[in-house]
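First to last, the sequence lines map onto chains L and S. Residue numbers are given in our numbering: position 131 of the first sequence equals residue 131, and the series is strictly consecutive. Position in the second sequence (first residue = 1) + 1000 = our numbering. The beta carbon of each residue, even a glycine, is placed where N, CA and C say it ideally should be. Note sheet for the following structure.
Number of protein chains: 2
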Amino acid sequence: MDQLRDTLKVHHLRTTTCREDVLSTFINRKNALSHGDLEGALGENYDRVTIYRTLKTFLEKGIIHKVLDDEGLRYALCSHSCSEEKHQHDHIHFKCSACGETNCLENLHIPAVQLPEGYNPEHFNLLIQGVCPKCN
Amino acid sequence: MDQLRDTLKVHHLRTTTCREDVLSTFINRKNALSHGDLEGALGENYDRVTIYRTLKTFLEKGIIHKVLDDEGLRYALCSHSCSEEKHQHDHIHFKCSACGETNCLENLHIPAVQLPEGYNPEHFNLLIQGVCPKCN
DNA sequence: CCGAACTTGCAACAGGGTTGCAGAATATTT
DNA sequence: AAATATTCTGCAACCCTGTTGCAAGTTCGG
């Protein structure tokens, strides 16, 4: 409980029940969540718009990051140390085609790629789709 | 002109002006296109829905493939030899943060990744964001 | 406990994407 | 070349995602 408040405080955000609930939902379920997932979990307590705004705020403050997906955007907790200034995400995302869950593989880094002359890469996003250990 | 018809024929599709126009738009502009791009280019001639359905059909037949993007889905021509049965896409996509264009880097394959035990990968999707040669 | 600053809910909107159906166009058969 | 079956298209309507403006409510520092 206090941990939630601390996390918010560290990122210079006021503690509100919506933010605490969204944050704890991310912590409890461990996979990447879409706005729809959160609305399903918390929609009776909070307005759609508030959840959107909470996600946007968390994104800006470096609490969560975007996860690309072939059927829409999801969000997942940043491991540590992301802030408003710098996001550091070079890990791999895995989407299971059986259970539909998308997860961060925090330990696996995206391998280096030798780009042709002239390309100046800044961000990397690797999504692997397949079957996860639970469904295998 | 005839090339367009042939492509459609190979994939067992009837030749219609909409399909020819969509296909030639993909061929002329070489980057990945969103539905909105196509609507901008062809919207006066064809209904929104028809363009959506054309994209869906092309996807199913293996003429185009999805390109993930942090701000929405795009589509790009399949290099060769994709069909209804098998899609083969392990190349890299590069999105320029300056001009906004997304392109396939057909020649660059996604490097192999050693996944933990139990993961059974099927498809790979790597998006690199940065500045492209034209904007550098 | 007061006021400034920030958050929330509501209403309204814009855009992306889908479905059902009737009419039009295409391909096929004769 | 005409008739037929099949497939496409346009229209209307709809749902979902995401955003904005504004008034009312909440948080936090003094």
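DSSP places S/HIS1011 outside both helix and strand once states are collapsed to three, so it counts as coil. Among the CB atoms of chain L, one or more fall inside 8 Å of the CB of S/ASN1136. Contact annotation: S/HIS1035 and S/TYR1052 have beta-carbon atoms nearer than 8 Å.
In this structure, L/GLU20 places its C-beta atom within 8 Å of the C-beta atom of L/LEU4. With contact defined as three or more Cβ pairs closer than 8 Å, the region 24–34 of chain L and the region 96–114 of chain L are in contact.
Taking 8 Å as the threshold, the shortest C-beta distance from L/GLY118 to chain S falls below it. Of all C-beta pairs linking the region 1120–1136 of chain S to the region 1088–1099 of chain S, three or more are shorter than 8 Å, placing the two stretches in contact. The shortest CA-to-CA distance from L/ARG48 to any of L/VAL22, L/HIS109 and L/ASP2 is the one to L/VAL22.
Within chain L, no residue has its beta carbon less than 7 Å from that of S/SER1024; the closest one is some 26 Å off.
Taken in chain order, the complete alpha helix (DSSP H) segments of 4 residues or longer contained in the region 41–107 of chain L are 48–61. Assignment of S/GLY1118 by DSSP, reduced to helix, strand and coil, places it in the coil class.
For L/ARG19, the uninterrupted alpha helix (DSSP H) run begins and ends at 17–28, by DSSP. What L/CYS132 touches in chain S, judged by beta-carbon distance under 9 Å, is GLY1118, TYR1119 and ASN1120, going in chain order.
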